[in-house]
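Have a look at the structure below before the remarks.
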Amino acid sequence: METKTDLREGTVEAIQELIATNFDSAKQLESCSEDTEDERFEKLFQHVADARRTHATELRGYVRWNGEEPEDTGSFFGSCRNAWINVRNALSGDDRVTVLKQAEAAEDVIKARYEELLKETSGSAMNDVLLRQYREVKKHHDMIRDLRDAEIAAA
Numbered sequence: 091m092e093t094k095t096d097l098r099e100g101t102v103e104a105i106q107e108l109i110a111t112n113f114d115s116a117k118q119l120e121s122c123s124e125d126t127e128d129e130r131f132e133k134l135f136q137h138v139a140d141a142r143r144t145h146a147t148e149l150r151g152y153v154r155w156n157g158e159e160p161e162d163t164g165s166f167f168g169s170c171r172n173a174w175i176n177v178r179n180a181l182s183g184d185d186r187v188t189v190l191k192q193a194e195a196a197e198d199v200i201k202a203r204y205e206e207l208l209k210e211t212s213g214s215a216m217n218d219v220l221l222r223q224y225r226e227v228k229k230h231h232d233m234i235r236d237l238r239d240a241e242i243a244a245a
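Counting from 91, one number per residue, gives the positions in the sequence shown under this note's numbering.
Next comes the structure, spelled out in C-alpha cells:
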C-alpha cells in the first residue's frame with residue numbers, strides 16, 4: 091500500500107513534474123507582475139507566484155521523504171514560455187488586457203497539469219495534497235480569468 095513516505099516511482103515522477111510546473115508558473119506570474127503598472131494586478135500576480143512556490147516547497151518535501159532529490163528549477167518549456175511572456179508584454183507596453191491574457195494562459199497550463207496528474211495518480215496517497223493544491227490553483231486561475239474578462243468588457 092502506498093503511503094506519503096513510500097510512494098510509487100510513477101507518483102514521485104509525476105510530483106517532480108508538478109514541482110517544475112509550479113516553479114514555471116511562479117516565474118511567469120512574476121514576469122507579468124513586473125510588466126504591469128496596475129498595483130492590483132501586480133499584488134495579485136505576486137500573491138499567486140508566492141502560492142506556487144509554497145506548493146513546490148511542499149511537494150519537494152514529499153519527494154525528499156521518498157529518498158529522491160527534488161526538482162529545484164522549472165522546465166525548459168517554462169523558460170521558453172517565460173521568454174515569450176516577456177517579449178509579448180514588452181511589445182504591448184502596459185496593456186492590462188495583454189498582461190492578464192498572459193497570466194491567464196500561464197494559469198491554464200498549471201491547472202491542466204494538476205488535472206492530468208490527479209487522473210494519473212488517482213488512488214495515490216498524495217491525492218489529498220494534490221486536490222487541495224488544485225483547488226487553490228483553480229481559484230487563482232478563475233480570479234485572473236474573471237479580471238481579464240472584466241478588462242476586455244470595459245475596453
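For glycine and all other residues, C-beta sits at the position ideal for the given N, C-alpha and C.
Hey, could you find the ends of the alpha helix (DSSP H) Arg130 is sitting in? Here residue 130 refers to the residue found at position 40 when the sequence shown is read from its first residue. Taken as a continuous stretch (DSSP letters only), the alpha helix (DSSP H) holding Arg130 covers Glu129 to Trp155.
- Through-space distance from Arg203 to Asp128, alpha-carbon basis: Here residue 128 corresponds to residue number 38 of the sequence shown, with the count starting at 1. Here residue 203 corresponds to residue number 113 of the sequence shown, with the count starting at 1. Going from the Cα of Asp128 to the Cα of Arg203 covers about 29 Å.
Contact check, Thr95 vs Thr211 under 8 Å by CB: the rounded distance?
-> For the purposes of this step, residue 95 is taken as the residue at position 5 of the sequence shown. For the purposes of this step, residue 211 is taken as the residue at position 121 of the sequence shown. About 16 Å separates the Cβ atoms of Thr95 and Thr211, ruling out a contact at the 8 Å cut-off.
Start and end residues, alpha helix (DSSP H) containing Thr111 = As a first step, residue 111 must be located in the sequence shown, where it is residue number 21. Bounds of the alpha helix (DSSP H) holding Thr111 are Glu99 to Glu124.
Can the beta-carbon of Lys201 be found less than 8 Å from the beta-carbon of His231?
-> For the purposes of this step, residue 201 is identified with residue 111 of the sequence shown, where counting begins at 1. For the purposes of this step, residue 231 is identified with residue 141 of the sequence shown, where counting begins at 1. Lys201 is a Cβ neighbour of His231, given a cutoff of 8 Å.
| message | Could you tell me the alpha carbon to alpha carbon distance between Glu194 and Ile234, rounded to whole angstroms? | response | Here the question's residue 194 lines up with position 104 in the sequence shown. Here the question's residue 234 lines up with position 144 in the sequence shown. Rounded to whole angstroms, the separation of the alpha carbons of Ile234 and Glu194 is 6 Å.
key: Environment of Leu119 [buried if 16+ CB atoms lie within 10 Å]   = Counting from one through the sequence shown, the residue named residue 119 turns up at place 29. So Leu119 ends up on the buried side.
ask   = Does the beta carbon of Leu220 sit closer than 8 Å to a beta carbon anywhere in chain D?
value = The displayed structure is made up of one protein chain only, and chain D is not part of it.
query: What first and last residue would you give for the alpha helix (DSSP H) that runs through Glu197?
result: Your numbering for residue 197 matches position 107 in the sequence shown. The continuous alpha helix (DSSP H) containing Glu197 extends over residues Arg186 to Glu210.
(Q) For Ala196 and Ser115, I'd like the C-alpha separation in whole angstroms. (A) Against the sequence shown, residue 196 aligns to sequence position 106. Against the sequence shown, residue 115 aligns to sequence position 25. Taking C-alpha positions only, Ala196 is separated from Ser115 by approximately 6 Å.
Based on Cα-Cα distance, which residue from Arg154, Ala104 and Thr144 lies nearest to Glu205? Taking the sequence shown and counting its residues from 1, one reaches residue 205 at position 115. Ranking the options by Cα distance to Glu205, first place goes to Ala104.
| task | Along the alpha helix (DSSP H) that carries Lys228, what are the first and last residues, could you check? | result | Your numbering for residue 228 matches position 138 in the sequence shown. Run containing Lys228: Asn217 to Ala244, per the alpha helix (DSSP H) assignment.
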